[in-house]
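Visitor: Numbering (my numbering), first residue to last: 575 to 1043.
Even for Gly, the Cβ is constructed at its ideal location relative to N, Cα and C.
A single structure is presented below for examination.
Written as structure tokens, this is what we have:
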């Protein structure tokens, strides 16, 4: 992104900087979010990325005001806002389940927040028309949500958020209920809307492809704490830990003894097992380390597209030589122009790789990978294995997966359940108040019509808090 485009986005944004300082949220003894620090510039698209239970939805609900903070503060251009109720923050929210009113038309769903704010009829009509044009739903304005596809319903939810002209748009896994084709289409649509309107967006997802495609910066969370913040290119190319490497597509995490280390190169290997030379990502102080390799970085020796050096053995100290690993193919999956395969080394380590040619289970193949494509981390096996149950699995002789501890997983699940329950209760209370007000106004209008035009419409009294977007 050029300096000019960044300045242009910031000029159109509704604020200069949103700052989260030490934001913490506890549920009893479980800490779902701990010391979360983040600076968001106006006009940025931020993706909160991580597996279930990492604290990303908790962070979003704290931003929205649906969850009170246990500690820390949130500042918007120097003004503290975490003490404000949701409706006073002027944020728009897009929920995972759309949260549309089934009995209201598309137009009335989009206009709902404006009516609660008592925006004038002419201004409401103008903003609703503009929002519907933006999400390309003008011709469906009179339909009910049940008459729309999943992608169209999600567009209604987005229109309802942006029609409020919010300072910040919050999206909680908005594409998770859509099929693969619609997810790609809506991903492009969300980015287009963000750029066209100059929005500032915080987007929660567990899908690294979504995060990389959409975001200006990615925030990777782990057990309620920030693991890495960077541009998509930085997080993808230079993961800060084995945890992030596993989450960003390095499916092969091979734990091996350290044979030598120097000048940024580290060689790992053992008798009757693979030997790999790679680039050290941190000082290697222990006797063992983890080599991280993407499946697509392996090449099948002799296959089309293999540019390996014939006879290169990957010997320690030979900076130009390719690493070579021999495996027996166990699983082969056709993926169109390539085959995704799983093989096993002679000492029982699982290796994931891709091939441009068909290979059959039972075949023995030699894989090559350039040293610069192998990242070496000095973390413990346990730390690395907590990345994901799958796709990242630490492989040791005769093993396939070394998951995180049972207590860690249970704590994450409990924190996630409690976050969902509390946010759901708050959202339900707010939705109930809004529905009640709308029903009251509708009843008043009906009563007024029945009493005759000479008495005029009867407005129901306003109760409860206003819409939080």
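#1: By alpha-carbon positions, which one of 788, 793, 690 and 870 ends up nearest to residue 929?
#2: What does a CB cutoff of less than 6 Å around residue 942 pick up in its chain, not counting 5 residues either side in sequence?
#3: Helix, strand or coil, according to DSSP, for residue 686 in the structure here?
#4: Within 8 Å, do at least three Cβ pairs link the segment 779-794 to the segment 803-817?
#5: Since residue 608 is in the alpha helix (DSSP H), which residue starts that stretch and which ends it?
#6: Residue range of the alpha helix (DSSP H) that residue 635 falls in?
#7: Where does residue 802 sit, in a helix, a strand or coil, going by DSSP?
#8: How should residue 1027 be labelled, buried or exposed, when 16 other C-beta atoms within 10 angstroms of its C-beta is the threshold for buried?
#9: Under 7 Å Cβ to Cβ from residue 599, same chain only, skipping five residues before and after it: list those, please.
#10: Could you tell me which of 612, 820 and 749 sits nearest to residue 1101, measuring between CA atoms?
#11: Quick check on the burial criterion: 16 or more other C-beta atoms within 10 angstroms. Buried or exposed for residue 666?
#12: How should residue 594 be labelled, buried or exposed, when 16 other C-beta atoms within 10 angstroms of its C-beta is the threshold for buried?
#13: Can you have a look at residue 746 and say buried or exposed, based on whether 16 or more other CB atoms are within 10 angstroms of its CB?
#14: Beta-carbon separation of residue 740 and residue 669 under 9 Å?
#15: Roughly how many angstroms separate the alpha carbons of residue 982 and residue 603, rounded to a whole number?
#16: Quick test of your reading: residue 789 and residue 777, contact by CB under 8 Å. State the CB separation rounded to the nearest angstrom.
#17: Since residue 783 is in the alpha helix (DSSP H), which residue starts that stretch and which ends it?
#18: Distance check for residue 691 and residue 818, CA to CA, integer angstroms please.
#19: Go ahead and label residue 696 buried or exposed: buried means 16 or more other beta carbons lie within 10 angstroms of its beta carbon, across all protein chains shown.
#20: So for residue 591, helix, strand or coil by DSSP?
#21: Below 9 Å between beta carbons: does that hold for residue 718 and residue 678?
#22: By Cβ distance, which residues of its chain are closer than 6 Å to residue 588, with the 5 residues on each side in sequence left out?
#23: Measuring alpha carbon to alpha carbon, tell me which residue in 766, 590 and 725 is nearest residue 755.
#24: Consult DSSP for residue 982 and reduce its assignment to one of helix, strand or coil.
#25: Does the distance from the C-beta atom of residue 774 to that of residue 648 stay below 9 Å?
#26: Excluding the 5 residues flanking residue 656 on each side, which residues of the same chain have their C-beta closer than 6 Å to its C-beta?
#27: Apply the 10 Å Cβ neighbour rule to residue 616 and answer buried if 16 or more other Cβ atoms are within range, or exposed otherwise.
#28: Does the Cβ of residue 680 have 16 or more other Cβ atoms within 10 Å, making it buried, or fewer, making it exposed?
#29: Does DSSP classify residue 777 as helix, strand or coil?
#30: Measuring CB to CB, does residue 949 end up less than 9 Å from residue 782?
#31: Under the assumption that residue 752 contacts residue 728 (Cβ atoms under 8 Å), give the Cβ distance between them as a whole number of angstroms.
#32: Name the residue from 840, 904, 686 and 922 whose alpha carbon lies nearest to the alpha carbon of residue 915.
#33: Please report the straight-line C-alpha distance between residue 840 and residue 851, rounded to a whole angstrom.
#34: Nearest to residue 921 by CA position, among 845, 934, 674 and 699, is which residue?
#35: Given residue 684, which residues of its chain have a CB within under 7 Å of its CB, disregarding the five upstream and five downstream residues?
#36: Using the three-state DSSP reduction, which class does residue 841 fall into: helix, strand or coil?
Guide: On the basis of the coordinates in this document:
#1: Counting from one through the chain shown, the residue named residue 929 turns up at place 355. Among 788, 793, 690 and 870, the Cα nearest to that of residue 929 belongs to 870.
#2: Locating residue 942 in the chain shown gives position 368, where the first residue counts as 1. Once the five neighbours on either side are set aside, the close Cβ partners of residue 942 are 873, 875, 882, 896 and 898.
#3: Along the chain shown, one-based indexing puts residue 686 at 112. In this structure, residue 686 counts as helix in the three-state DSSP scheme.
#4: yes
#5: In the chain shown, residue 608 corresponds to position 34, counting from 1. Looking at the DSSP string, residue 608 is not in any alpha helix (DSSP H); the run it does join, the beta strand (DSSP E), is 604-615.
#6: The residue given as residue 635 occupies position 61 in the chain shown. Looking at the DSSP string, the run of the alpha helix (DSSP H) that includes residue 635 is 630-638.
#7: Indexing the chain shown from 1 puts residue 802 at position 228. Three-state DSSP puts residue 802 in a strand.
#8: Counting from 1 along the chain shown, the entry for residue 1027 is found at position 453. Only weak support is given to the placement of residue 1027: the predicted model assigns it a pLDDT of 46, under 50, and the value that follows is read from those uncertain coordinates. Under this definition residue 1027 is an exposed residue.
#9: Counted from its first residue, the chain shown places residue 599 at position 25. Once the five neighbours on either side are set aside, the close Cβ partners of residue 599 are 606, 607, 632, 636, 641, 643 and 644.
#10: The structure shown does not extend to residue 1101, since the chain is modelled only from 575 through 1043, so no value can be given for it.
#11: Within the chain shown, numbered from 1, the residue matching residue 666 stands at position 92. The residue in question, residue 666, is buried, as its Cβ has 16 or more Cβ neighbours within 10 Å.
#12: Indexing the chain shown from 1 puts residue 594 at position 20. Counting Cβ neighbours within 10 Å, residue 594 comes out buried, since at least 16 surround it.
#13: Walking along the chain shown from the start, residue 746 turns up at place 172. Its Cβ being crowded by 16 or more others within 10 Å, residue 746 is buried.
#14: Locating residue 740 in the chain shown gives position 166, counting from the first residue. Locating residue 669 in the chain shown gives position 95, counting from the first residue. No.
#15: What you label residue 982 is simply residue 408 of the chain shown in a count that begins at 1. What you label residue 603 is simply residue 29 of the chain shown in a count that begins at 1. Here the model assigns residue 982 a pLDDT of 46, short of 50, so the residue's position is not dependable and the matter cannot be decided.
#16: Residue mapping note: residue 789 aligns to position 215 of the chain shown, counting from 1. Residue mapping note: residue 777 aligns to position 203 of the chain shown, counting from 1. Their Cβ separation, rounded to whole angstroms, is 7 Å, which keeps residue 789 and residue 777 in contact under 8 Å.
#17: Here residue 783 is taken as the residue at index 209 of the chain shown, counted from 1. 782-788 is the span of the alpha helix (DSSP H), which, as asked, contains residue 783.
#18: Mapped onto the chain shown, residue 818 falls at position 244. Mapped onto the chain shown, residue 691 falls at position 117. Spanning the two alpha carbons is a distance of roughly 43 Å.
#19: Position 122 of the chain shown, counting from 1, holds the residue named residue 696. Exposed, since its Cβ has fewer than 16 Cβ neighbours within 10 Å.
#20: Here the question's residue 591 lines up with position 17 in the chain shown. Of the three classes helix, strand and coil, the one that applies to residue 591 here is strand, per DSSP.
#21: Numbered from its first residue, the chain shown carries residue 718 at position 144. Numbered from its first residue, the chain shown carries residue 678 at position 104. In contact: residue 718 and residue 678 (Cβ atoms closer than 9 Å).
#22: Here residue 588 refers to the residue found at position 14 of the chain shown. Correct list, in chain order: 741.
#23: By 1-based counting over the chain shown, the position of residue 755 is 181. Ranking 766, 590 and 725 by Cα distance to residue 755 puts 725 first.
#24: Indexing the chain shown from 1 puts residue 982 at position 408. Summary for residue 982: the model assigns pLDDT 46, below 50, so the residue's position carries little reliability, and this model does not support an answer.
#25: Within the chain shown, numbered from 1, the residue matching residue 774 stands at position 200. Within the chain shown, numbered from 1, the residue matching residue 648 stands at position 74. For residue 774 and residue 648, no; Cβs fall outside 9 Å.
#26: Stepping through the chain shown from its first residue, residue 656 is reached at position 82. Hits under 6 Å: 643, 647 and 648.
#27: For this step, residue 616 is matched to residue 42 along the chain shown. Residue 616 is buried by the Cβ-count criterion.
#28: One-based indexing of the chain shown puts residue 680 at position 106. Classification for residue 680: buried.
#29: Taking the chain shown and counting its residues from 1, the one referred to as residue 777 is at position 203. Residue state, collapsed to three classes: strand.
#30: The residue you call residue 949 lines up with position 375 of the chain shown. The residue you call residue 782 lines up with position 208 of the chain shown. No, these two residues do not count as a Cβ contact at 9 Å.
#31: Reading the chain shown from its first residue, position 178 is the one you call residue 752. Reading the chain shown from its first residue, position 154 is the one you call residue 728. Residue 752 to residue 728, Cβ: 7 Å. Contact.
#32: Position 341 of the chain shown, counting from 1, holds the residue named residue 915. Measuring from the Cα of residue 915, the nearest candidate turns out to be 904.
#33: Along the chain shown, one-based indexing puts residue 840 at 266. Along the chain shown, one-based indexing puts residue 851 at 277. Answer to the nearest angstrom: the Cα atoms are 6 Å apart.
#34: Stepping through the chain shown from its first residue, residue 921 is reached at position 347. The candidate whose alpha carbon is nearest that of residue 921 is 845.
#35: As a position in the chain shown, residue 684 is number 110, starting the count at 1. Once the five neighbours on either side are set aside, the close Cβ partners of residue 684 are 702, 705, 706, 730, 733, 734 and 737.
#36: Counting from one through the chain shown, the residue named residue 841 turns up at place 267. Three-state DSSP puts residue 841 in a strand.
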